[in-house]
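The structure appears below as structure tokens.
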Amino acid sequence: MKLRGLRLDSHTSRPLERPIRVVPPPATLVLALDQGSGADALPMVRPGEAVRVGSAVAAASGAAAAVHSPVSGIVREIAARPTSRGASRCIVIDNDGRDDPMATAAPIDWRAMDGSALIECIAAAGTAGLGGAAFPTATKLALARAAGAELLLLNGAECEPWICCDAALMRERAADVVLGAQVMLAAAGAQRCVVAIEDDKPEAIAAVEAAVRAATDARIEVRVLPALFPLGAEGPLVAAVTGREVPHDGWPPQVGVVCQNVGTAAAVARLVQDDRPVMSRVLTVTGSGVQQPANVEACIGTPVGQLVAACGGYTGECARRIAGGSLTGRSIEGDDVPVTKGMNCVLLASDADLPSRGPARPCIRCGDCAAVCPAGLLPQQLHVAARSDDSAALARFGLSACIECGCCDYVCPSAIPLTARFRAARERQHLADLERRRAIEARARYERHQRRLAEQAEAERQAFDTARRRARGADPGDR
Amino acid sequence: MNATAILAAVGTMAAIAAILGGVLGWVATRLRSDPDALVEQIDALLPQTQCAQCRYPGCRPYAEAIANGEADIDRCPPGGETTVRALAALLDREPRPVDPQYGATQPPRVALIDEDRCIGCALCLPACPVDAIVGAQRLMHTVIAAQCTGCELCLAPCPVDCIAMVERAGDQPGRAAA
Chain A
0 MKLRGLRLDS HTSRPLERPI RVVPPPATLV LALDQGSGAD ALPMVRPGEA VRVGSAVAAA
60 SGAAAAVHSP VSGIVREIAA RPTSRGASRC IVIDNDGRDD PMATAAPIDW RAMDGSALIE
120 CIAAAGTAGL GGAAFPTATK LALARAAGAE LLLLNGAECE PWICCDAALM RERAADVVLG
180 AQVMLAAAGA QRCVVAIEDD KPEAIAAVEA AVRAATDARI EVRVLPALFP LGAEGPLVAA
240 VTGREVPHDG WPPQVGVVCQ NVGTAAAVAR LVQDDRPVMS RVLTVTGSGV QQPANVEACI
300 GTPVGQLVAA CGGYTGECAR RIAGGSLTGR SIEGDDVPVT KGMNCVLLAS DADLPSRGPA
360 RPCIRCGDCA AVCPAGLLPQ QLHVAARSDD SAALARFGLS ACIECGCCDY VCPSAIPLTA
420 RFRAARERQH LADLERRRAI EARARYERHQ RRLAEQAEAE RQAFDTARRR ARGADPGDR
Chain G
0 MNATAILAAV GTMAAIAAIL GGVLGWVATR LRSDPDALVE QIDALLPQTQ CAQCRYPGCR
60 PYAEAIANGE ADIDRCPPGG ETTVRALAAL LDREPRPVDP QYGATQPPRV ALIDEDRCIG
120 CALCLPACPV DAIVGAQRLM HTVIAAQCTG CELCLAPCPV DCIAMVERAG DQPGRAAA
């Protein structure tokens, strides 16, 4: 099968020179209710309330997993703060530095538990997709269980040119990844597991292979893939490993696969070993804007500025801060943006790291974007439709199948920010749909209201008629 | 001989005409354009605020008036330019700006009851066209913001003027664009 994508120059050698360094918890943590999945968790604490390490401070809700406090201290406020997704409501906690734990950490006997109990356990720990989407892991596993998915696909195909947190994690904690895979195999009821790793990470491949051998689990195999962007995205990865195509409006379980990030697997391993919810993650701090690029393990809620300080501070060349990679990340402002479960990288880029491509010029219809699009779309046609905001054409050319990987931007000779425009078009459509749904509901309510008024009027008229007839019957001399 | 040929030709033509006429008549009754379908299509494009700013008692009556040719398509301030354009496309007319005599287009708003001042008179309850106000006699009322269309019809009946229009809180996904 032919794999579509881009071969990009990797920039991961410098952060991988050093081991993962642990960033101490900051004095003030900012726990975003939206940890990167686009939905808010429900806050369960009030300002002034005391929390301990591992206290659940927000409950799972829809596409948002539960959030736990990584420190002990006092909730200062729940307010909107800048986050990597623009602005989101956040729980701000003042760290008292005592690190009072909720309970003594004890291993969970996961081998004795059945799949649905394990899934509940994973949900309660706030486990979310640490690859970047932050979608609740338990929901995915439950879907896979219901659909009878046979394959657990662990995603170690980190394809963004600046990100290497998964590579570092696989090198240092391969045993955790394999244990997490075993737990998730049991939870999802899958028969086998493939750990997919790109061929530019030979140390990670060797480490995971050694860990699989040590675990002597024949269900788990390591699959080496070519280093190709965007193979780390769910759809392309499933296609590359199994040859099956995930419907763009569907889920991988429909083709018998459940996809999880290797970081998520390591988090699940921690959960069963120490009964610790997800309170920290490994992420890459890199770019020419930081003195010592490194992979760090930081508490969820740590401000970006603290990560930079832990990596030796700024170099003075930092022109742009980006949460995520250079292709799919989002620009962030300031040092206060907190780490979320979905944040896999902070790129402090100099002008040389990400040379400006100049203003967008008109589309010359060269078709280069269509040749690289991993979703098989025609970005040039989508571009025309997005410009005229033609929702019928956008739907016809498959806007909903766009995975926003940024390949089309990368190859566009006219430097058109295609992905940003598609994202904006999607946003507009979403709002229009919401408005439409609201109108339909309002109409239904209006019709019920009218019907009720008519029924009431009819009932009153009848009551009046009966009363008059009775009055006449009682007093026939009325006329 | 000649007369037979003429008769045959006339007969053939008459037969063809009769058959075609029959088919056309049948098709005309079978495929008659349904006026209700047009009203339905127009109604689907209106914002369903039921605010009556168009001087009709709701969105559906206005849709009927448009379908009958009684009213023009420029009477819906809540729908604004988007609605006018959609209507123009459906009815194959020229889009035009909303007539300011029917009100100004504003960002979406919802009613908010000042609960300290509400006396519980229940006059606003029947005024709400979408039943978005909950309350009872001598008890505090409140507006279900998610269901309020911002029609302002509850403002006039309130004897203590405790209802204010406030901007609708931003929709969740708008944030992702930032």
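So the sequence lines, in the order shown, correspond to chains A and G.
Here numbering that gives the first Met the number 0 is used: position 202 in the first sequence is 201, and no number is missing along the way.
Here numbering that gives the first Met the number 0 is used: position 109 in the second sequence is 108, and no number is missing along the way.
Glycine residues also receive a C-beta, built at the ideal position from the N, C-alpha and C atoms.
Computed from a prediction, not measured in an experiment: that's the story for all the values here.
Item, Value
"Distance between R3/A and A180/A (C-alpha atoms, nearest Å)", "28 Å"
"Under the three-state DSSP convention, the category R191/A falls into", "strand"
"Straight-line gap, R172/A to R218/A (C-alpha atoms, nearest Å)", "19 Å"
"Top-ranked residue by Cα proximity to R222/A, from A239/A, G234/A and R13/A", "A239/A"
"Any chain G beta carbon closer than 7 Å to H448/A", "yes"
"Which of helix, strand or coil DSSP assigns to P172/G", "Residue confidence for P172/G is low, a pLDDT of 41 falling below 50, so the modelled location carries little weight; the figure read from the coordinates is stated next. In the structure shown, P172/G sits in a helix (DSSP, three-state: H, G or I)."
"Residue environment, N260/A, which counts as buried when at least 16 other CB atoms sit within 10 Å", "buried"
"Any chain A beta carbon closer than 7 Å to T82/G", "no"
"Interface residues of chain G facing A62/A [CB-CB closer than 7 Å]", "Result: empty, since nearest Cβ-Cβ is about 11 Å, beyond 7 Å."
"Identity of the residue in I77/A, R20/A and I118/A nearest V267/A by Cα", "I118/A"
"Nearest-angstrom Cα separation, counted from A210/A out to V182/A", "15 Å"
"Proximal residues to A359/A (C-beta, below 8 Å), its chain only, five neighbours per side dropped", "S413, A414, I415 and P416"
"Chain G contact for A395/A (CB, 7 Å cutoff)", "Checking the sequence shown, residue 395/A turns out to be Arg, not Ala. Answer no: the Cβ-Cβ gap between R395/A and chain G never drops below 7 Å."
"Sufficient close CB pairs (3 or more, under 8 Å) joining the stretch 325-341 of chain A to the stretch 78-89 of chain A", "yes"
"Residue range of the unbroken alpha helix (DSSP H) whose run includes M12/G", "N1 to R29"
"Given A322/A as reference, the closest of F228/A, A348/A, R75/A and N94/A once Cα atoms are compared", "A348/A"
"DSSP bridge partner residues for C258/A (one or two, in chain order)", "L152/A"
"Bridge partner(s) assigned by DSSP for G286/A", "Answer is none; G286/A lacks a bridge partner."
"Any non-hydrogen atom of the ligand SAM within 6 Å of A66/G CB", "The model on display carries no ligand, and the ligand SAM is accordingly not part of it."
"Of the listed residues A43/G, Y101/G and I18/G, nearest to T82/G (C-alpha basis)", "A43/G"
"Unbroken stretches of the alpha helix (DSSP H), 4 residues or longer, contained in the stretch 88-174 of chain A", "114-123, 136-146 and 164-171"
"CA nearest to the CA of G242/A, picked from Q305/A, G72/A and L152/A", "L152/A"
"Test: A441/A CB closer than 7 Å to a CB of chain G", "yes"
"Residue closest to R144/A, alpha-carbon to alpha-carbon, out of Q253/A, D199/A, G333/A and W109/A", "Q253/A"
"Identity of the residue in P125/G, C75/G, A131/G and C117/G nearest A453/A by Cα", "P125/G"
"Contact between the stretch 127-137 of chain A and the stretch 291-304 of chain A (3+ Cβ pairs under 8 Å)", "no"
"Cα-Cα separation between T82/A and G328/A, rounded to whole angstroms", "13 Å"
"Continuous alpha helix (DSSP H) stretch holding E208/A: start and end", "P201 to A214"
"Beta-bridge partners of H67/A, as assigned by DSSP", "A55/A"
"Endpoints, the alpha helix (DSSP H) within which R360/A is located", "Here R360/A belongs to no alpha helix (DSSP H), and DSSP marks it neither H nor E."
"Reference G72/A; option with closest CA among Q290/A, N154/A and T27/A", "T27/A"
"CB-CB length for G149/G against P107/G, believed under 8 Å", "6 Å"
"As assigned by DSSP and simplified to three states, the class of G234/A", "helix"
"Rounded straight-line distance, which links the Cα of E244/A to that of L377/A", "18 Å"
"Contacting positions in the stretch 129-151 of chain G - beta carbon closer than 7 Å to chain A", "V129, D130, Q146 and T148"
"Positions along the stretch 18-46 of chain G whose CB lies within less than 7 Å of some CB in chain A", "P46"
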